[in-house]
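Notes to accompany the following structure.
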Amino acid sequence: SQQGEEDPQALSIQEGENATMNCSYKTSINNLQWYRQNSGRGLVHLILIRSNEREKHSGRLRVTLDTSKKSSSLLITASRAADTASYFCATARNSGNTPLVFGKGTRLSVIA
Amino acid sequence: DTEVTQTPKHLVMGMTNKKSLKCEQHMGHRAMYWYKQKAKKPPELMFVYSYEKLSINESVPSRFSPECPNSSLLNLHLHALQPEDSALYLCASSQDFQVLGNQPQHFGDGTRLSIL
């Protein structure tokens, strides 16, 4: 079964606005990763946050992690049309050498 | 431009054909992956290779046969596929197999496969 579940499934905003996507997961994790996928392309790694971290920044991206609630959020500030893509969270269980499992994703549309 | 190169970009084949998908990376990564992705769905893991050896097979039907000839190359051999196998097939790599989930994965742009 899927480890991560994103919310919302789809999000449409105006250019310049902030976009927030959420991810919930079920089991203890070692870290959580966010990926972006533009239409017809492969996934691009955005950011990795470890289980002992609460917040991480990368350019216009801000990721938070709340292990007590088993949830993470991805904030994109001052969105641009080029941010239009699907965004996936990915987790690996904190036991054994297990591969990443991707959530269902959020489809973000940024309207110019 | 991605650092993982997949060929071909598009492939149309009949159910009786045999074809192969190819993936190449020159980042010195020792773990390589095949994923299957249907439209508007997340990638689903198929196989993981670590140091050219098959480490994980996610109960994939035998009509998909992976091969890792060397540390830079990964192939996926296809035979007698079904229409439901039509999907985007993504290859990815990561630095090492140890603690898989701790490492970012680098993806190619995929092969769009259509089965007639």
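If you read the protein sequences in the order shown, they are chains A and B.
Using our numbering, you'd call the opening residue of the first sequence number -1 and step up by one each time.
Using our numbering, you'd call the opening residue of the second sequence number 71 and step up by one each time.
We put the CB at the ideal spot given by N, CA and C, even for glycine.
Please read all numbers here as calculations on a predicted model, not as lab measurements.
Put simply, the CB of N172/B is near chain A, with a gap under 8 Å to one of its CB atoms. Residue contact check for L46/A against chain B: a CB pair falls below 8 Å. The closest CA to that of F100/A, considering only I109/A, L30/A, R52/A and S56/A, is found on L30/A.
When Cβ pairs closer than 8 Å are counted between the two stretches, the region 149 to 168 of chain B is seen to touch the region 73 to 85 of chain B, the count reaching three or more. Within chain A, the residues placing a beta-carbon under 7 Å from that of G178/B are G40, ordered along the chain. In terms of beta-carbon proximity, Q31/A lines the interface with chain B, with at least one pair separated by less than 8 Å.
Secondary structure of D81/A (DSSP, three-state): helix.
The Cβ atoms of Q76/B and S163/B do not sit closer than 8 Å to each other.
Shown here, P153/B sits in a helix according to DSSP, grouped into three states. With respect to chain A, the C-beta atom of P78/B has no partner C-beta closer than 8 Å. Counting along the chain, the unbroken beta strand (DSSP E) around M19/A starts and ends at A17 to Y23.
For T181/B, the beta-bridge partners assigned by DSSP are Y159/B. Interface flag for H55/A against chain B is unset, since no Cβ pair is found closer than 8 Å. Interface residue (Cβ-Cβ distance to chain B less than 8 Å): K68/A is not classified as such. DSSP places Y33/A in the uninterrupted beta strand (DSSP E) bounded by I27 to Q35.
Excluding five sequence positions before and after L98/A, the CB atoms of its chain that fall closer than 6 Å to its own CB belong to A88 and A90, given in chain order. The beta-carbon separation of L146/B and P136/B, rounded to 5 Å, stays under the 8 Å limit for a contact. Contact of V118/B with chain A is assigned, a C-beta pair being separated by under 8 Å. Rounded to the nearest angstrom, the gap between the Cα atoms of K92/B and H176/B is 15 Å. Assigned with DSSP and collapsed to three states, N172/B falls in helix. Cβ proximity to chain A below 8 Å picks out Y103, K110, K111 and P112 from the region 96 to 112 of chain B.
Taking the CA atoms as reference points, T104/A sits about 25 Å from S184/B. Contacts with chain A (Cβ-Cβ distance below 7 Å) from the region 142 to 162 of chain B involve L160, listed in chain order.
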